[in-house]
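Since the structure comes first, as structure tokens, the remarks are kept for the end.
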Amino acid sequence: MSKIHARNTKAEVLVFRELRKRGLYFQKHYKRVKGSPDVALPRKKRAVFIDGDFWHGYKFLKQKQRLPKKYWLAKIEGNMKRDKTATAKLKKEGWKILRVWEHEVIKKPTKTIEKVSNFLLENKSKV
Numbered sequence: 001m002s003k004i005h006a007r008n009t010k011a012e013v014l015v016f017r018e019l020r021k022r023g024l025y026f027q028k029h030y031k032r033v034k035g036s037p038d039v040a041l042p043r044k045k046r047a048v049f050i051d052g053d054f055w056h057g058y059k060f061l062k063q064k065q066r067l068p069k070k071y072w073l074a075k076i077e078g079n080m081k082r083d084k085t086a087t088a089k090l091k092k093e094g095w096k097i098l099r100v101w102e103h104e105v106i107k108k109p110t111k112t113i114e115k116v117s118n119f120l121l122e123n124k125s126k127v
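Pasting the structure below:
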């Protein structure tokens, strides 16, 4: 488990690089709010989470049968619960949240980064 990186994953680095190329300035792994969003614009109250497919439970119901130990089930279910709690708390505080899956960034980088960029640049009055 020591080789598992929680920050600066391949998907995150790709998003960070492309957003910077577009001239967007943002906070990485913003720790001042619940959940530490991967990309944050604190003044606009925008947060983007780039969720790893395995760790955050993408297709969890299918994956569940193949997981070798109860530990993994509890770990991933805990992560999913924590994600919901963080999202709810941030929304209650007036934040707008976007969650994207790791596979979306890797398989369709242009489309996903466009989605993230549009979300970050979106005018508050539109949302």
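Take the sequence shown: its position 56, counting from 1, is numbered 56 in UniProt numbering, and each next residue is one higher. Where is the CB? At the ideal position from N, CA and C, for every residue including glycine.
How many angstroms separate the CA atom of residue i from the CA atom of residue j?
| i | j | result |
| --- | --- | --- |
| residue 44 | residue 73 | 36 Å |
| residue 31 | residue 42 | 11 Å |
| residue 90 | residue 83 | 11 Å |
| residue 1 | residue 102 | Any reading at residue 1 is ruled out, since the residue's pLDDT is 46, under 50, leaving its predicted position unreliable. |
| residue 27 | residue 55 | 23 Å |
| residue 95 | residue 119 | 12 Å |
| residue 9 | residue 80 | 19 Å |
| residue 110 | residue 51 | 17 Å |
| residue 16 | residue 59 | 26 Å |
| residue 78 | residue 21 | 35 Å |
| residue 117 | residue 93 | 22 Å |
| residue 135 | residue 121 | Nothing about residue 135 can be read from this structure; the chain reaches only from 1 to 127. |
| residue 166 | residue 57 | Because residue 166 is not part of the residues shown, which for the chain are 1 to 127, the question remains open. |
Consult DSSP for residue i and reduce its assignment to one of helix, strand or coil.
| i | result |
| --- | --- |
| residue 95 | coil |
| residue 55 | coil |
| residue 43 | coil |
| residue 60 | helix |
| residue 116 | helix |
| residue 34 | coil |
| residue 81 | helix |
| residue 28 | strand |
State the start and end residues of the unbroken alpha helix (DSSP H) segment that holds residue i.
| i | result |
| --- | --- |
| residue 107 | 102-107 |
| residue 15 | 10-21 |
How should residue i be labelled, buried or exposed, when 16 other C-beta atoms within 10 angstroms of its C-beta is the threshold for buried?
| i | result |
| --- | --- |
| residue 114 | exposed |
| residue 19 | buried |
| residue 7 | exposed |
| residue 126 | Low confidence applies to residue 126: its pLDDT is 49, below 50, so where it sits in the model is not reliable enough to give any reading. |
| residue 23 | exposed |
| residue 85 | exposed |
| residue 13 | exposed |
| residue 129 | The structure shown has nothing for residue 129, since the chain only spans 1 to 127. |
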